[in-house]
Amino acid sequence: MVSRNNRNINFQKKLFSWTNGKGQKVVITSNPLLAESIYQELIKKYHKVSLFPHTETLPYDFFSPSKDIKNLRLQALSKLLADETHILVVSIQALMSPCSDKTHLLPFNLLKTHEEVDRKNLISGLLSSGYERNDVVREVGEFALRGSIIDIYATGYDEPIRIEIIASKIESLRTFDPTTQITIQKIDSFSAMPPYEYALNQKGIDLFKKNWRNYF
Numbered sequence: 003m004v005s006r007n008n009r010n011i012n013f014q015k016k017l018f019s020w021t022n023g024k025g026q027k028v029v030i031t032s033n034p035l036l037a038e039s040i041y042q043e044l045i046k047k048y049h050k051v052s053l054f055p056h057t058e059t060l061p062y063d064f065f066s067p068s069k070d071i072k073n074l075r076l077q078a079l080s081k082l083l084a085d086e087t088h089i090l091v092v093s094i095q096a097l098m099s100p101c102s103d104k105t106h107l108l109p110f111n112l113l114k115t116h117e118e119v120d121r122k123n124l125i126s127g128l129l130s131s132g133y134e135r136n137d138v139v140r141e142v143g144e145f146a147l148r149g150s151i152i153d154i155y156a157t158g159y160d161e162p163i164r165i166e167i168i169a170s171k172i173e174s175l176r177t178f179d180p181t182t183q184i185t186i187q188k189i190d191s192f193s194a195m196p197p198y199e200y201a202l203n204q205k206g207i208d209l210f211k212k213n214w215r216n217y218f
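Below, the structure written as structure tokens:
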């Protein structure tokens, strides 16, 4: 009789052997917990591995996915679009869930140090794409304004970004700790992505109403 431990070892060997091959790979599991477990094993050996998590909500549910799950899903989708993923791990539940149009997932603004930026257009773009303005940025999907400083916790990033604008030019871009609000390191550029998988601007609302009437 083969023990469960031996079966797991054999499965890992076959999995690593298969994922070593050329081309992009998709690993589909029977449930979200198994997807998370396999992802944790693969990320130890490979760099370009992404997990597309399940929303943990049911269709037509009154609850929304957590901001962390939304961020992870958008990260995985954006990496696929940018061809930065060699192995995608996904449960059958996540695979069968609705997915946003790829045009919605493209970054709406690319910011670089020492380049000119229209502050009003940047703020307008953040608001129209679904970012919420707060006094202090602590969670993904928030931004804050303080004089020449704009803080953004952009989707797809592990840390929020602090933008310093002087005379319509980006003086600096820095990551910072959302708990202490202390800057961590300088970066040269960053792209802001929408905080939601689906457009919540007027265009998105109109499209939803149109489709709702057509289908229901």
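The sequence shown lines up with residues 3 to 218 when you count with this note's numbering. Glycine included, every Cβ here is placed at the ideal spot set by N, Cα and C.
Closest Cα partner of residue i within the set the options
i, options, result
"N155", "W20, I168, R176 and S102", "A small correction: the amino acid at residue 155 is Tyr; Asn does not occupy that position in the sequence shown. The shortest Cα separation from Y155 among W20, I168, R176 and S102 belongs to R176."
"A194", "T182, D103, Y133 and E58", "Y133"
"F192", "P180, G206, R148 and D160", "D160"
"E86", "D70, K114, V51 and F65", "V51"
"Y48", "S32, A146 and T21", "T21"
"K205", "D137, S131 and A169", "S131"
"S150", "I167, V138 and E141", "I167"
"S99", "S170, T57 and G127", "T57"
"L248", "A146, I163 and K24", "Outside the shown range of the chain, which is 3 to 218, sits residue 248, and nothing can be said about it."
"L74", "P196, W214 and R215", "P196"
"P55", "A84, L90 and F218", "L90"
"V39", "Q26, I184, K211 and L53", "Reading off the sequence, residue 39 comes out as Ser, not Val. Cα-wise, what sits closest to S39 is L53."
"I172", "F178, I186, D190 and Y198", "D190"
"L129", "H88, L202 and S174", "L202"
"F18", "L44, N33 and I30", "L44"
"V142", "H116, Q95, Y198 and I94", "Y198"
"L60", "H88, Q95, K212 and N213", "Q95"
"I184", "R140, F65, A169 and P34", "R140"
"I104", "V92, S80, Q26 and D120", "For the sequence presented, residue 104 should be read as Lys rather than Ile. The shortest Cα separation from K104 among V92, S80, Q26 and D120 belongs to S80."
Per-residue DSSP class, three states only, for residue i
i, result
"E58", "coil"
"Y217", "helix"
"E173", "strand"
"Q183", "coil"
"F18", "helix"
"A201", "coil"
"D160", "coil"
"V4", "For V4, the pLDDT reaches just 47, beneath the cut-off of 50, and the residue's location in the model is therefore unreliable, although a value from the coordinates is still provided. Looking at V4 - three-state DSSP - the assignment turns out to be coil, as it is neither helix nor strand."
"D63", "coil"
"K24", "coil"
Start-to-end residues for the beta strand (DSSP E) that takes in residue i
i, result
"R164", "I163 to I168"
"K27", "K27 to T31"
Sheet register partners of residue i (DSSP bridge)
i, result
"V51", "I89"
"K188", "R176"
Opening and closing residue of the alpha helix (DSSP H) in which residue i lies
i, result
"I40", "P34 to L44"
Runs of 4 residues minimum, wholly inside the region 67–108: which ones carry the alpha helix (DSSP H) assignment? Listed in chain order, they are 69–83, 94–97 and 104–107.
Length-filtered (4 minimum) alpha helix (DSSP H) runs lying within the region 113–158: 121–130
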